[in-house]
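Below is one structure; the comments refer to it alone.
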Amino acid sequence: MLSIKHTILSRFSLSFALPALSLAAALNTDTTLADSPKYFREEPISPIPQTVDFNKKKAELGEKLFFDTRLSKDNTMACSSCHHLDEGGDDNLPVSRALSGGDHAMNTPSIFNARYNFRQ
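Numbering (this note's numbering), first residue to last: 9 to 128.
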């Protein structure tokens, strides 16, 4: 006969084992959670998919705009002025420089994998 301790432990273990098995079964599919657009909207941190479909023309336009200074207030700065692609996608400064010559209140965030950042 099982003691009360064993009965409680077996029920406790079972209550955690079933959800864990369900999660394992859900993860063992052909499509991963990272490939689901709904998953990106609901989770602040999500895995980056192995492959990404993109429109080549849009990517070329984005590259031109990223280096275009005409998008700034005085035509002197481009996105690439602060987001250095060869240095991690940011400017490596504690606080970023503002167009007015002063400092911003925060630093420049990295733009690498920004598509998967829930804040952007």
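Positions of the beta carbon are idealized from the N, C-alpha and C atoms, including for glycine.
Could you tell me whether any Cβ in chain D is nearer than 8 Å to the Cβ of residue i?
{"i": "residue 73", "result": "Of the chains in the structure shown, none is chain D; there is only one protein chain."}
For residue i and residue j, I'd like the C-alpha separation in whole angstroms.
{"i": "residue 80", "j": "residue 54", "result": "32 Å"}
{"i": "residue 107", "j": "residue 91", "result": "14 Å"}
{"i": "residue 120", "j": "residue 113", "result": "21 Å"}
{"i": "residue 87", "j": "residue 97", "result": "10 Å"}
{"i": "residue 99", "j": "residue 61", "result": "28 Å"}
{"i": "residue 116", "j": "residue 57", "result": "25 Å"}
{"i": "residue 93", "j": "residue 118", "result": "9 Å"}
{"i": "residue 85", "j": "residue 78", "result": "8 Å"}
{"i": "residue 31", "j": "residue 74", "result": "Residue confidence for residue 31 is low, a pLDDT of 49 falling below 50, so the modelled location carries little weight; the figure read from the coordinates is stated next. Cα to Cα, residue 31 sits roughly 41 Å from residue 74."}
{"i": "residue 105", "j": "residue 111", "result": "4 Å"}
{"i": "residue 109", "j": "residue 76", "result": "20 Å"}
{"i": "residue 71", "j": "residue 63", "result": "12 Å"}
{"i": "residue 124", "j": "residue 59", "result": "13 Å"}
By the three-class DSSP mapping on this structure, what secondary structure does residue i have?
{"i": "residue 33", "result": "Per-residue confidence for residue 33 stands at a pLDDT of 49, beneath the threshold of 50, marking its modelled position as unreliable; no derived number is given."}
{"i": "residue 111", "result": "strand"}
{"i": "residue 127", "result": "coil"}
{"i": "residue 82", "result": "coil"}
Pull the bridge partners of residue i from the DSSP assignment, please.
{"i": "residue 94", "result": "In the DSSP output, where bridge partners are listed per residue, residue 94 has none listed."}
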